[in-house]
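Please read the structure below before turning to the comments.
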Amino acid sequence: MTTTINEIDTILQQYPNAQRDALIPILQKIQDQFSYLSRDAVVQVGQHLNLPVSKIYGVATFYNQFRFQPLGQYHIQVCRGTACHVKGSAAVLKSLKHELGIEAGQTTRDGLFSLEIVACIGACGLAPVISVNGEFYASLTPEKVKHIIVSLQRKANGEDSNE
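Our numbering puts the first residue of the sequence shown at 641, with every later residue one more than the last.
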């Protein structure tokens, strides 16, 4: 999903005469609508608030809630909470990075996958666990991760993922 000037302007109109204190709520609304903060959106917010783009990026990069790339069709969240860490989530994360060819916070070039590290998913009894678009995969190993990725790729290509 791409951002357009008119759609961003609609959000900014909700903040007439806004000052710097409105920056975070504005960025949150834009990200809620578009799933990320585009460069165009950041520039437009800067113009609206009379703030340099560098200040906006400074604030947005300070908070890990903000993203600067669109989410993939399959957004993968890797739990790195204590239970998942103890049960091997570091190996799961390493496997995902290898299989997808991206780092956490990135999206694959084809837009199919995005990868995010989260502090805790709240499914400690399933550790180590990932969430793909809200669906949980439990008791993971690097081999299971590879199978999940292949299955999702097949599903995206319209192939039968049942094996």
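Glycine residues also receive a C-beta, built at the ideal position from the N, C-alpha and C atoms.
- With respect to the 8 Å criterion, Leu-792 and Val-772 are classified as neighbours on the basis of their beta carbons.
- If you compare the alpha carbons of Leu-736, Val-726 and Ala-723 with that of Ser-754, the shortest gap goes to Leu-736.
- From the listed residues Ala-731, Ile-716 and Val-790, the smallest Cα separation to Ile-757 is found for Ile-716.
- Of the other Cβ atoms in all chains shown, fewer than 16 fall within 10 Å of the Cβ of Ala-730; this residue is therefore exposed.
- Judged by DSSP in its simplified three-state form, Cys-764 adopts helix.
- DSSP, reduced to helix, strand and coil, places Thr-701 within a helical segment of the structure shown.
- Gln-717 sits in a strand when the DSSP states are folded into three classes.
- Burial is judged here by how many other beta carbons sit within 10 angstroms of a residue's own beta carbon; Ile-645 has fewer than 16 and is exposed.
- Judged by DSSP in its simplified three-state form, Leu-691 adopts coil rather than helix or strand.
- The beta carbon of His-688 is closer than 6 Å to those of Leu-652 in its chain, skipping five residues each way along the sequence.
- Tyr-655 and Phe-674 have their C-alpha atoms spaced approximately 18 Å apart.
- For Tyr-777, the pairing in a beta bridge is given by DSSP as Ile-770.
- No Cβ-Cβ contact shorter than 8 Å links Val-683 with Ile-666.
- For Ser-754, the secondary structure class from DSSP, reduced to helix, strand or coil, is strand.
- Cβ neighbours of Leu-780 within its own chain (closer than 6 Å, five residues either side excluded): Val-732 and Pro-768.
- Between His-725 and Lys-786, the alpha-carbon positions lie close to 19 Å from each other.
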